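For reference, the structure discussed in these notes is given below.
There are 2 protein chains.
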Amino acid sequence: MTVQLQESRLARDFKAAFGAHPAGVSIITADSATGPVGITASSVASVSAEPALLAFSLAAGTGSAAALAKADSVVVHLLRVEDLELAKSFANSSSERFTGSMAWTRLDTGEPLLAHTGHALRCKVLSRTPAGSSLLLAAEVLEIIVAETCGEPMVYHSRAFHRLGGHSILPS
Amino acid sequence: MTVQLQESRLARDFKAAFGAHPAGVSIITADSATGPVGITASSVASVSAEPALLAFSLAAGTGSAAALAKADSVVVHLLRVEDLELAKSFANSSSERFTGSMAWTRLDTGEPLLAHTGHALRCKVLSRTPAGSSLLLAAEVLEIIVAETCGEPMVYHSRAFHRLGGHSILPS
């Protein structure tokens, strides 16, 4: 009983801590046995530039995340303010995705590429390390599709999206 | 020769992509054989709340990151705007750290805790997965030191620090 209470408090403090920790927003897509899948993620991080490596985590139990966890290659779309609706669609598991009205295509290598205003990084998954019921993935970037028009930077924080710019910069 | 040129372009595009991808800012500390060590990191991400797990990466070749990579337990300090000078100190390998003028203490378990205005998470390292010359670490949160006064949220983007607030929020 005591242990359970302590665990709940830890989980509550953990959610408060990371709820207040801002993060960039990405959509990760892949092809799967049942067609294209994708999720909005705030865990994508650069690991090294040479070789070009990144990391992200997936709650890989069910749904799109489970399908992504099995993929050998993924596309990481770094999102900008102009991609806000896309971010919301892929954050909500009941939203329709890859519909006719959503601008997307397939790369020559088969992975789904969403039209957006940030960079897209086609990656080969290198490792999947279990962490609780989630997976921590490391991936090598094979190709970068550079945005033609790069939008404004966007951040997720305390269940809201924010725009960065001259108005938010701190004096150095 | 061609391969080398392509790699350089990939690395350049990769740096541009992640340079434009905002991230929250943390300092990770640990005790080491040569005393307390710490680095500023933008790769800390939540993995799951129950169990409370997080992930981060380290360029573990030399210096403080190499010492951190060996630690069994670390403290992840989630930073706020009021912690800007601390973030800069621990981002610069030539800065003096854990000096008499820097407010820090040791937890009962020995890890160094920096006075700051965000949450601090004492963690046990669960796994270290090699990714290039870096390591991807998963860690279990054992204890959360909740900030008495929680500052304003801070983000690192394009080599500058930003403050989030009402001025930066996007209409939902």
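Protein sequence lines correspond, in order, to chains A and B. Take 38 as the starting number for the first sequence in the working numbering and just add one per residue. Take 38 as the starting number for the second sequence in the working numbering and just add one per residue. Using N, Cα and C, we set each Cβ at its ideal position, and we do this for glycine too. If you're wondering where the values come from, they're calculated on a predicted model, not measured in any experiment.
Coil, strand or helix - glycine 72 of chain A by DSSP: To locate residue 72 of chain A, count along the first sequence from 1; it is residue 35. Under the three-state reduction of DSSP output, glycine 72 of chain A falls in the strand class.
Only counting the same chain, and skipping five residues up and downstream in sequence, which positions put a Cβ closer than 8 Å to that of glutamate 189 of chain A? For this step, residue 189 of chain A is matched to residue 152 along the first sequence. Listed in chain order, the non-local C-beta contacts of glutamate 189 of chain A below 8 Å within the same chain comprise Arg117, Val118, Glu119, Arg200, Leu201, Gly202, local neighbours out to five positions each way being set aside.
Beta-carbon separation (whole angstroms), histidine 194 of chain B vs leucine 151 of chain B, contact threshold 8 Å: To locate residue 194 of chain B, count along the second sequence from 1; it is residue 157. To locate residue 151 of chain B, count along the second sequence from 1; it is residue 114. Contact between histidine 194 of chain B and leucine 151 of chain B is ruled out by a C-beta separation of about 23 Å, above the 8 Å threshold.
Note down, in chain order, every chain B residue with its Cβ under 9 Å from the Cβ of valine 178 of chain A. Counting from 1 along the first sequence, the entry for residue 178 of chain A is found at position 141. Those are Leu47, Asp50, Phe51, Ala54, listed as they occur along chain B.
Quick check on the burial criterion: 16 or more other C-beta atoms within 10 angstroms. Buried or exposed for glycine 56 of chain A? Walking along the first sequence from the start, residue 56 of chain A turns up at place 19. Flag for glycine 56 of chain A reads exposed.
Sequence-distant residues of the same chain with beta carbon closer than 7 Å to alanine 97 of chain A, five excluded per side: Reading the first sequence from its first residue, position 60 is the one you call residue 97 of chain A. So the list reads Ala103, Ala106, Ser171, Leu172, once near-sequence residues are dropped.
Which chain B residues are close to phenylalanine 198 of chain A, counting only those with a beta carbon under 8 Å from its beta carbon? The sequence position of residue 198 of chain A within the first sequence is 161, counting from 1. By Cβ distance, chain B contributes Ile206, Leu207, Ser209.
Counting contacts by CB-CB distance shorter than 8 Å, is glutamate 185 of chain B in contact with chain A? Within the second sequence, residue 185 of chain B is the residue found at index 148, counting from 1. Chain A contact via Cβ: absent.
Within the 8 Å Cβ cut-off, does methionine 38 of chain B reach chain A? Position 1 of the second sequence holds residue 38 of chain B. Residue placement at methionine 38 of chain B is flagged as unreliable, the pLDDT there being 47, under the threshold of 50; the coordinate-derived value follows with that caveat. Output row for methionine 38 of chain B: interface = no.
Below 9 Å on C-beta distance, what does valine 74 of chain B contact in chain A? As a working note, residue 74 of chain B is residue 37 in the second sequence. What valine 74 of chain B touches in chain A: nothing, since even the nearest Cβ is about 20 Å away.
Reducing DSSP to helix, strand and coil, say where leucine 290 of chain B ends up. Nothing can be reported for residue 290 of chain B: it is not among the residues displayed for chain B, which extend from 38 to 209.
To the nearest angstrom, report how far apart leucine 179 of chain B and proline 88 of chain B are at their CA atoms. What you label residue 179 of chain B is simply residue 142 of the second sequence in a count that begins at 1. What you label residue 88 of chain B is simply residue 51 of the second sequence in a count that begins at 1. C-alpha separation (whole angstroms): 10 Å.
Please check the pair alanine 197 of chain A and serine 209 of chain B, which I expect to be a contact at CB under 8 Å, by giving their CB distance rounded to whole angstroms. Here the question's residue 197 of chain A lines up with position 160 in the first sequence. Here the question's residue 209 of chain B lines up with position 172 in the second sequence. That pair is a contact at about 7 Å.
What do you get for aspartate 109 of chain A, buried or exposed, if any count of 16 or more other CB atoms within 10 angstroms of its CB means buried? In the first sequence, residue 109 of chain A corresponds to position 72, counting from 1. Burial check for aspartate 109 of chain A: the Cβ neighbour count within 10 Å stays below 16, so the residue is exposed.
Provide the residue span of the alpha helix (DSSP H) that contains leucine 121 of chain A, from first to last. Here residue 121 of chain A refers to the residue found at position 84 of the first sequence. Leucine 121 of chain A: member of the alpha helix (DSSP H) spanning 121 to 128, first to last residue.
Since alanine 48 of chain B and alanine 86 of chain A should fall inside the 8 Å C-beta cutoff, what is the C-beta to C-beta distance between them, to a whole number of angstroms? The count along the second sequence starts at 1 and reaches residue 48 of chain B at position 11. The count along the first sequence starts at 1 and reaches residue 86 of chain A at position 49. Confirmed, about 5 Å.
Look up serine 110 of chain A in the DSSP assignment and give the residues it is bridged to. The count along the first sequence starts at 1 and reaches residue 110 of chain A at position 73. Under DSSP, serine 110 of chain A takes part in a beta bridge, and its partners are A:Lys161.
Whose C-beta lies closer than 7 Å to the C-beta of tryptophan 141 of chain B among residues of the same chain, with five residues either side of it excluded? The residue you call residue 141 of chain B lines up with position 104 of the second sequence. For tryptophan 141 of chain B, where only same-chain residues beyond five positions count, the Cβ hits under 7 Å are Phe135, Pro149, Leu150, Leu151, Ala152.
How many Å lie between aspartate 50 of chain B and isoleucine 182 of chain A at the Cα? Translated into positions along the second sequence, residue 50 of chain B becomes position 13. Translated into positions along the first sequence, residue 182 of chain A becomes position 145. Their Cα atoms are separated by approximately 9 Å.
Considering glutamate 185 of chain B, what are the terminal residues of the beta strand (DSSP E) in which it resides? Within the second sequence, the letter at position 148 stands for residue 185 of chain B. Taken as a continuous stretch (DSSP letters only), glutamate 185 of chain B belongs to no beta strand (DSSP E), as it is neither H nor E.
For the beta strand (DSSP E) containing methionine 191 of chain B, name the first residue and the last one. For the purposes of this step, residue 191 of chain B is identified with residue 154 of the second sequence, where counting begins at 1. Here the beta strand (DSSP E) through methionine 191 of chain B covers 191 to 194.
Please identify the residue among A:Ser205, A:Thr186, A:Thr166, A:Glu177 whose C-alpha is closest to the C-alpha of leucine 90 of chain B. Translated into positions along the second sequence, residue 90 of chain B becomes position 53. Among A:Ser205, A:Thr186, A:Thr166, A:Glu177, the Cα nearest to that of leucine 90 of chain B belongs to A:Thr166.
For serine 126 of chain B, collect the residues of the same chain with a Cβ closer than 7 Å to its Cβ; drop the 5 residues on either side in sequence, then sort them by chain order. Counting from one through the second sequence, the residue named residue 126 of chain B turns up at place 89. Around serine 126 of chain B: Ser132, Arg134.
Is alanine 60 of chain B closer than 8 Å to glycine 61 of chain A when the C-beta atoms are compared? Here residue 61 of chain A refers to the residue found at position 24 of the first sequence. Here residue 60 of chain B refers to the residue found at position 23 of the second sequence. Cβ distance < 8 Å, so glycine 61 of chain A and alanine 60 of chain B count as in contact.
Based on the DSSP output, what are the partners of proline 208 of chain B in its beta bridges? Start at 1 with the first residue of the second sequence, and residue 208 of chain B comes out as number 171. DSSP, once it has assigned bridges, lists no residue as partnering proline 208 of chain B.
Assuming the contact rule is C-beta atoms closer than 8 Å, serine 154 of chain B and alanine 184 of chain B should be a hit. Round their C-beta distance to whole Å, please. Reading the second sequence from its first residue, position 117 is the one you call residue 154 of chain B. Reading the second sequence from its first residue, position 147 is the one you call residue 184 of chain B. Looking at the sequence shown, residue 154 of chain B is not serine but threonine. Rounded, the Cβ-Cβ distance is 6 Å, consistent with contact.
DSSP bridge partner residues for histidine 199 of chain A (one or two, in chain order): The sequence position of residue 199 of chain A within the first sequence is 162, counting from 1. Answer is A:Val192, B:Ile206.
Taking its Cβ as the centre, do 16 or more other Cβ atoms sit within 10 Å of serine 45 of chain B, making it buried, or is it exposed? Your numbering for residue 45 of chain B matches position 8 in the second sequence. Exposed, by the Cβ-count rule.
According to DSSP, threonine 166 of chain B sits in a beta bridge with which residue or residues? Numbered from its first residue, the second sequence carries residue 166 of chain B at position 129. The partner list for threonine 166 of chain B (beta bridge, DSSP) reads B:Leu173.
Does any residue of chain B bring its CB to less than 8 Å from the CB of isoleucine 64 of chain A? Mapped onto the first sequence, residue 64 of chain A falls at position 27. No, no contact with chain B.
Could you tell me which residues DSSP puts in a beta bridge with alanine 67 of chain B? Residue mapping note: residue 67 of chain B aligns to position 30 of the second sequence, counting from 1. According to DSSP, alanine 67 of chain B bridges with B:Val74.
Output yes if chain A places a C-beta closer than 8 Å to the C-beta of glutamate 122 of chain B; else output no. One-based indexing of the second sequence puts residue 122 of chain B at position 85. No, its Cβ sits nowhere closer than 8 Å to a Cβ of chain A.
Flag this pair as yes or no: are the beta carbons of valine 84 of chain B and serine 94 of chain A separated by less than 8 Å? In the second sequence, counting from the first residue as 1, residue 84 of chain B sits at position 47. In the first sequence, counting from the first residue as 1, residue 94 of chain A sits at position 57. Between valine 84 of chain B and serine 94 of chain A, the CB-CB gap stays under 8 Å.
Which chain B residues are close to threonine 166 of chain A, counting only those with a beta carbon under 8 Å from its beta carbon? Translated into positions along the first sequence, residue 166 of chain A becomes position 129. Contact of threonine 166 of chain A with chain B by beta-carbon distance below 8 Å involves Ser164, Thr166, Leu173, Ala175.
Candidates B:Arg159, B:Glu122, B:Ser80, B:Thr186, of which the one nearest alanine 175 of chain A by Cα: Residue numbering aside, residue 175 of chain A sits at position 138 when the first sequence is read from its first letter. Nearest option by C-alpha distance: B:Ser80.
Check serine 80 of chain A in the structure and name its three-state DSSP category. Walking along the first sequence from the start, residue 80 of chain A turns up at place 43. Serine 80 of chain A: coil per DSSP, three-state reduction.
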